[in-house]
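Down below is the structure, laid out as structure tokens.
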Amino acid sequence: MLSLIKNYVNQKQNVFWPGKVELVKYRVSNISPFLGLIFITLVFSFTTNGRFASISNMTNLVNQCFNVIIIAVGISFVFAHGGMDMSIGSVLGVSSYVGAMVWNMNNMPGVAGFFIAILVAMVFTFITSTVHIVARVPVFVASLCIRYICSGILTTLVSENDMYIDYTKYNGLNNGILKFFVLIIVIAIGYILYEYTAVGKSLKSIGGNKTMSYHSGVKTSRYIWGAYMILGITIGIVSMFSLARVGNVTATTGVGMEFDAMTAIVLGGFPIKGGARAKIRSAIIGAVTVAVLTNGLTLIGLDPSIIYGIKGVMFIVIVGISYVRKKGEIVN
Amino acid sequence: MKKLFALFMALCICLFSFAGCSTSPDDGTSKKQSERSESSGTATDHDGKEAKYKIGILYWGYTDPTGASVKKYLEYVGEAFNCELVFAEAFNADALVAATENLIQSGCDGIISVFAYAGMIDACEKAGVYFMQTQNEVIDESTLALIKNSKYFVGMITEDDFKCGYSEAESLYDIGSRNVVYLAPAPGIANHDNRVRGIEAFVEEHPDMVLLSNYRGDEYGEALQNFAVTYPEIDGIILTGGAAGSTETVYQVMETEGLSERGVKLSTAGIGEGTLERFENGQLASIRGGHFPTVGVGFTLLYNALNGDKIISDPTKTLYRPFLEINSAEEFKNFSKYVEGEIPPYTGDELKQLVKEYNPDVTESLYQEWADAYSLEDIIARHGSLIN
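So the sequences go chain by chain: Z and L.
If you're matching positions, the first sequence starts at 1 in our numbering and goes up one per residue.
If you're matching positions, the second sequence starts at 1 in our numbering and goes up one per residue.
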């Protein structure tokens, strides 16, 4: 027994263990996005005369970070394998438009709008991933092309008139509690898929080393396709909730959503190149941080130009702390 | 899973535990009308005086010339009426709804916005916050129906954009341009869409003027470069607006692509940088501006409503005001002096004539009279003697 323990200790001693300093650095970088979020939450709670922490503002916050969190869950699967998608906003615009058409049809149940919008979004993300996988076009270029195609489609569709829905009919979807539960469900499904199934594990493996993963038997193309399908589903969901919140679809619908999602990802400490360190919670923390910052700074009553400045400084501080220079990547 | 649960719980604790710190836990949802006397005690203006109302301003941005003029003028008006102003900016619909919610939450009694989407109107309605749309209008039937049933939607006041587009094409026609292109933002912004309709209506009425092509988007520079190559016969460019530096981009491309040398003229709306030089070097045929006072007039409508005096009987009907048209360097010098100078087109005291608190005879028709009379001559007649 003693020899077994000695053997075990010897084995452990041969393995590289980080020193105390490295361990502290790693832990700080690991928790800094979370600490950043707590810090700004505390600051706003005490500087806004209680307005930030009021129940009504909590509902506002759920509404305001809902879209980015749902998209961030979807895009985590794409970023986990080192992919990206520049067409999220434009695809969201087109699927919103089609969903609105369904909602405006007589005798069509509201849920049909959701299904159609999700289907439309999945078609476009499928095209992006197919062009990338089959034609071997870099995903940045492929998604940029889809972005232009969707922008063109949406601009043409709304060239005469914007698409409006009967706002009062679907206003129930703006209920903060409903959205909160939808968030929980989407996050839970995303988390289980990401952390406990072959989907997430394989995608992280591909992000770590695609060739190695392929030779290890991971069906890389299939999982990459799957990641984009998941992203399509989340875009479809967001498109309809966004439509119910705003009441119409214009040429600017969805504009900048991909950058909001990317900001959330980076701010939360998600490694851009993917891999084993990519955690889905990073994306969620990032999305909440962005919403809390924008909301809190407006509640304080600051000028928009100052808000941009403070947001920039906060981003630098949070990302700066969670950035591991040796590896040259943002880590969790 | 444990980490996710811990994160979720920590977030919930963090956010909800401070609900207890709130002085007014439901201040965003309760009707503002009942709180106004309470909130006015906490808001202060620049001089530390007690501000009467807190008003949120929502615009696409305050860095381009139009946005900057609007902000500067509203700050002046806010001071004249002793109101605290909170400025916010957003462009896409989702961000606009979020910005509206944030302004309501920050304790605003009323909001002045250039955009009005159903979600924004609904948020104000639920919170009991008055909402005034300026420099744009709602044309969609379903949103108009929402406005009709709204208690807190004050009204819409904007420039006559159809007439603006029409006169842009007309001014080029008058100087002999017959082959024109127009550049406008992507469809969906009502005032630009109306200007486009005005341009197209003029061209349709004048068959000898040819609309070679048009561009709807935000890449004006690239679009104009393409037009310059594709249509060598081009002799006139119409721009529906100069927000976010687009006029400056067009001037630049006109020079680099040799369009200015070829005698191509520009007709636009919205005063940008270097307008005088562009008139002097012959690039510019005409420009429309002086529309920023519209927000000041809109401010008085909101102020009246906050005082309990709703002036506009039917908020679904837009109140139109004219642009000031400038066709030469000389006219622009006068414009700079009387419109963009130290004294604004409507002074604080003049605007008070539109407020029932100071002038009990205010009616909707007085607003229309002011709109109809608005011109450079009108400004000079009212307070030209005060300007050196």
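For every residue, glycine included, the Cβ atom is placed at its ideal position computed from N, Cα and C.
> Where does residue 105 of chain L land, buried or exposed, given buried means 16+ other C-beta within 10 angstroms?
Replying inline: buried
> What are the uninterrupted segments assigned as alpha helix (DSSP H) that are 4 or more residues long and contained completely in the stretch 136 to 188 of chain Z, given in chain order?
Replying inline: 139 to 157
> Can you give, in chain order, each stretch of the alpha helix (DSSP H) that sits fully within the stretch 242 to 266 of chain Z and has at least 4 residues?
Replying inline: none
> Hey, residue 218 of chain Z and residue 205 of chain Z are a contact pair by Cβ (cut 8 Å); roughly how many whole angstroms apart?
Replying inline: Their Cβ separation, rounded to whole angstroms, is 6 Å, which keeps residue 218 of chain Z and residue 205 of chain Z in contact under 8 Å.
> residue 146 of chain L versus chain Z: which residues are under 9 Å apart at the beta carbon?
Replying inline: 167, 168 and 247
> Identify the residues that DSSP records as bridge partners of residue 288 of chain L: which are they?
Replying inline: L/269 and L/325
> Between the C-alpha atoms of residue 387 of chain L and residue 73 of chain L, what's the straight-line distance to the nearest angstrom?
Replying inline: Spanning the two alpha carbons is a distance of roughly 17 Å.
>> If you reduce the DSSP assignment to three classes, tell me which class residue 42 of chain Z lands in.
In response: Under the three-state reduction of DSSP output, residue 42 of chain Z falls in the helix class.
> Hey, how far is the Cα of residue 170 of chain Z from the Cα of residue 248 of chain Z?
Replying inline: 12 Å
>> When you compare the CB of residue 242 of chain Z with every CB in chain L, is at least one pair closer than 8 Å?
In response: yes
> What whole-angstrom Cβ distance do residue 257 of chain L and residue 225 of chain L have, given they're in contact under 8 Å?
Replying inline: 6 Å
> List, in order along the chain, the chain L residues whose C-beta lies closer than 7 Å to that of residue 178 of chain Z?
Replying inline: Those within 7 Å of residue 178 of chain Z in chain L number zero; the least Cβ separation is about 16 Å.
>> So, with DSSP's three-state summary, where would you put residue 376 of chain L?
In response: helix
> Any C-beta of chain B sitting closer than 8 Å to the C-beta of residue 290 of chain Z?
Replying inline: No chain B appears in the structure shown, which is made up of the protein chains Z and L.
> The alpha helix (DSSP H) spanning residue 58 of chain L covers which residue range?
Replying inline: Residue 58 of chain L -> not in any alpha helix (DSSP H); beta strand (DSSP E) instead, spanning 54 to 59.
> DSSP on residue 316 of chain Z, reduced to helix/strand/coil?
Replying inline: helix
> Of the residues Z/64, Z/154 and Z/160, which one's Cα is nearest the Cα of residue 176 of chain Z?
Replying inline: Z/64
>> If you reduce the DSSP assignment to three classes, tell me which class residue 51 of chain Z lands in.
In response: The answer is coil: DSSP assigns residue 51 of chain Z none of H, G, I, E or B.
>> So with CB distances below 7 Å, who are the chain L contacts of residue 299 of chain Z?
In response: 102, 105 and 106
> Is it buried or exposed for residue 280 of chain L, if we count other Cβ within 10 angstroms and need 16 for buried?
Replying inline: exposed
> Helix, strand or coil: how does DSSP classify residue 241 of chain L here?
Replying inline: coil
> Counting Cβ pairs, one atom from each stretch, are 3 or more of them under 8 Å apart for the stretch 66 to 83 of chain Z and the stretch 265 to 278 of chain Z?
Replying inline: yes
> Is the Cβ of residue 175 of chain Z closer than 8 Å to any Cβ of chain L?
Replying inline: no
>> Please list the terminal residues of the continuous alpha helix (DSSP H) segment that includes residue 280 of chain L.
In response: 275 to 280
> Exposed or buried, which one is residue 246 of chain Z when buried takes at least 16 other CB atoms within 10 Å?
Replying inline: For residue 246 of chain Z, the number of other beta carbons within 10 angstroms of its own is at least 16, and it is reported as buried.
> Taking 8 Å as the CB-CB limit, is residue 328 of chain Z close to chain L?
Replying inline: Because residue 328 of chain Z carries a pLDDT of 47, less than 50, the predicted location of this residue cannot be relied on, and the following value inherits that uncertainty. By this cut-off, residue 328 of chain Z is not an interface position.
> By Cβ distance, which residues of its chain are closer than 6 Å to residue 345 of chain L, with the 5 residues on each side in sequence left out?
Replying inline: 293, 339 and 379
>> Less than 8 Å between the C-beta atoms of residue 295 of chain Z and residue 102 of chain L, yes or no?
In response: yes
> For residue 287 of chain Z versus residue 68 of chain Z, is the C-beta distance shorter than 8 Å?
Replying inline: yes
>> Just to confirm the assignment, what range does the beta strand (DSSP E) spanning residue 209 of chain Z have?
In response: Counting along the chain, residue 209 of chain Z falls outside any beta strand (DSSP E), and DSSP gives it neither H nor E.
>> Helix, strand or coil, according to DSSP, for residue 137 of chain L in the structure here?
In response: In the structure shown, residue 137 of chain L sits in coil (DSSP, three-state: anything other than H, G, I, E or B).
>> Along the chain, where does the beta strand (DSSP E) containing residue 180 of chain L start, and where does it finish?
In response: 179 to 184
> By the criterion of Cβ-Cβ separation under 8 Å, what are the contact partners of residue 267 of chain L in chain Z?
Replying inline: The contacting residues do not exist; residue 267 of chain L stays about 22 Å from chain Z at best.
> With 8 Å set as the bound, which would you pick, yes or no: does the beta-carbon of residue 282 of chain Z sit closer than that to a beta-carbon of chain L?
Replying inline: Residue 282 of chain Z does not count as touching chain L.
> Quick one: is residue 153 of chain L near chain Z, going by C-beta distance under 8 Å?
Replying inline: no
> From what residue to what residue does the alpha helix (DSSP H) around residue 153 of chain L run?
Replying inline: Where residue 153 of chain L is concerned, there is no enclosing alpha helix (DSSP H), although the beta strand (DSSP E) it sits in stretches over 153 to 159.
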